Ligand code: MSK
């Protein structure tokens, strides 16, 4: 297999990653970087979004400026081809988040029905608050009945018969009017995704702009619908996060313990695995085979979910998932869905590691499939932990290398926790923004991408922003990067500007606040809605921005688009596959400003990206009559 020609030092700045990259090389184990090298250079048509395989008159490669092949067989030009591809790309991301949200909805309904042993309502106050917010009368209803009523209500948001999603009420009135004017108000989550598939079938919507606007509508159905429902119901079922200090990096693995990594996105499986691993009977079984105990650690967004709520250490982000197995110290990876590289099955087979898939909709040939349902999850979790204990007996101590000492980071900043930390309202943050102590707020979200230096843009951008007195909130795989860079403890304030440091010190906050997993970007939307309402303005008027510097996934494209469509300028470290259309690219980088009051900015250099974001924040501050 071809090898990446970049040095290990160029691939990742972290000691734990570099040690494992070297070990993988020594042991002949191919990683994502090796496969990228083998796939490079990529097809230039695909790279620009100019291939179409949506019917069997093709596949077509459209060459808008070429001497021939300017149109696909059906007559689609480059703009239409790019728009169709991008529309489906966004719909897949929105569908993924929203199907995750639906799983939480089914869990809530089952809890209400008493058919999900081991699951419960853990934040009864939030359940009552959510019911009140959507107009459910809770007087006389006990928690199970409230759970059933709320589930029933939100199931309707996935359907086809509402004119608008219920949680859109969290957006300012002016924003909702902008959506109505652009015919982008999301109606039903499933409806918008399905309609995108319909529109992009051959011979349906042939207007690239119309398709792009429907992509925005689909993305909004994710942000203010599927993801937001997923976040809120996860809090109800597993507890609303509260601030805590936890550990991260591969050093959280323990040489003397049974190590289980939970991976994917949904807390429904990982919470049960954690409960089983903490069961004294299971711990006794682990000790009986010579282990000191059972150590559960997280990867990617499932890791974020259990980090936020249960203080479970985070072993790594997207590009660390393969390297975690290379330690030789992992007994089991338990995966639910999304962002789980199929290569993990192959790498696990090079060690004693068991790869366990758990979802009926995410099977991994070669792994062990233990299908979790709401009815059997408690039993299956115990079965999985027993398999991990058995794997420990097969561990080859000679191949174990756990690099690095773990770093500490602060987590748990749900909106409720932020407001509590500020003394009960957003007023202190607004006051700090008004006098310029905090110049603005930026959400840095999303993934890693092996095309970019691991965590390099994420941390470079965050350092520049906090230096310029801009508060950063972070989700998903960006979290581990910020933690490793020392930005998620109050010691990180040494790297912040004077104003931000003063504000954070006053409220005992780090300069980078961890607000959760990918679906929890909806917390940022809700917070923006709250701040805008408090100031009597639209979200687009706020000194805020978003960034997904090292994004890779369809979900990240949906997140970026719902942020832009909500009025939040969004930076990307690399573009989506749209550059084959000047029309669609122009819309993304400029035209959406006229529709939604925000656009995308693409910039791989973190310092230049911070400059662009800072300029936007300055412009918004001046427009609000504040200092720059
Ligand atoms: S897991 S979508 S690599 S953040 Fe949410 Fe990480 Fe991106 Fe997957």
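In my numbering, the protein residues as written are -3 to 624. From the three backbone atoms N, C-alpha and C, an ideal C-beta is built for every residue, glycine too. All values reported here derive from a predicted model rather than from experimental measurement.
Residue burial classification, residue 169 (beta-carbon count within 10 angstroms, cutoff 16): exposed
According to DSSP, is residue 407 part of a helix, a strand, or is it coil? Looking at residue 407 - three-state DSSP - the assignment turns out to be strand.
What separation, rounded to the nearest whole angstrom, lies between the Cα atoms of residue 334 and residue 515? 12 Å
Hey, would you say residue 87 sits closer than 9 Å to residue 554, going by beta carbons? yes
Might you give, ordered along the chain, the residues of its own chain that have their beta carbon closer than 7 Å to the beta carbon of residue 412, omitting 5 neighbours on each side? Closer than 7 Å at the Cβ level, and outside the excluded window around residue 412, lie 236.
Cα-Cα separation, residue 499 to residue 460: It is roughly 17 Å from the alpha-carbon of residue 499 to the alpha-carbon of residue 460.
Rounded straight-line distance, which links the Cα of residue 312 to that of residue 282: So the two alpha carbons sit approximately 24 Å from each other.
If you compare alpha carbons, which of 434, 541 and 286 is closest to residue 494? 434
DSSP on residue 96, reduced to helix/strand/coil? helix
Just the Cα atoms here: how many angstroms apart are residue 149 and residue 127? In this structure, the alpha-carbon of residue 149 lies about 9 Å from that of residue 127.
Below 8 Å, is the gap between the Cβ of residue 134 and the nearest heavy atom of the ligand MSK? no
Where does residue 197 land, buried or exposed, given buried means 16+ other C-beta within 10 angstroms? exposed
Where residue 3 falls, given that 16 or more other Cβ within 10 Å makes a residue buried: exposed
Roughly how many whole angstroms lie between the Cα atoms of residue 244 and residue 293? 9 Å
Output yes if chain B places a C-beta closer than 9 Å to the C-beta of residue 110; else output no. Any reference to chain B falls outside this structure, which holds one protein chain only.
Shortest alpha-carbon distance to residue 304 belongs to which of 458, 22, 510 and 543? 510
Cβ neighbour criterion (16 or more within 10 Å) applied to residue 624: exposed
Proximal residues to residue 186 (C-beta, below 6 Å), its chain only, five neighbours per side dropped: Within the same chain, 154 come within 6 Å of residue 186 by CB-CB distance, once the 5 residues on both sides are set aside.
Find out if the Cβ-Cβ distance for the pair residue 354, residue 331 is shorter than 9 Å. yes
Any 3 or more C-beta pairs closer than 8 Å across the stretch 83 to 97 and the stretch 208 to 219: yes
Tell me the DSSP bridge mates of residue 312? 295
Assumed close pair residue 496, residue 507 - CB separation to whole angstroms, cut-off 8 Å: 6 Å
Sequence-distant residues of its chain with Cβ nearer than 7 Å to residue 337 (five each side left out): 28, 317 and 318
Which residues neighbour the ligand MSK when neighbourhood means a C-beta less than 5 Å away from any of its non-hydrogen atoms? List them by chain order. 296, 297, 314, 335, 442, 443, 472, 473, 514, 549 and 551
Measuring straight from C-alpha to C-alpha, what distance separates residue 118 and residue 143? 11 Å
When DSSP labels each residue in this structure, what does residue 23 get in the three-state scheme? coil
Do you know offhand how far residue 246's Cα is from residue 568's? 27 Å
Take every Cβ of the stretch 159 to 176, pair it with every Cβ of the stretch 518 to 535, and state whether three or more of those distances are shorter than 8 Å. yes
Give, in chain order, every unbroken run of the beta strand (DSSP E) that is at least 3 residues long and sits entirely within the stretch 389 to 457. 403 to 407 and 436 to 440
Roughly how many angstroms lie between the CA atoms of residue 263 and residue 472, to the nearest whole one? 13 Å
DSSP bridge partner residues for residue 365 (one or two, in chain order): 353
Counterpart residues of residue 284 in DSSP-defined beta bridges: Partner(s): none; residue 284 has no beta bridge.
Among 249, 147 and 531, which has the Cα closest to the Cα of residue 108? 147
In its own chain, which residues sit with a C-beta less than 7 Å from the C-beta of residue 151, not counting the 5 before and 5 after it? 101
How about residue 384 and residue 248: are their beta carbons less than 9 Å apart? no
Taking 8 Å as the threshold, find out whether the stretch 375 to 384 comes into contact with the stretch 338 to 354 through three or more Cβ pairs. yes
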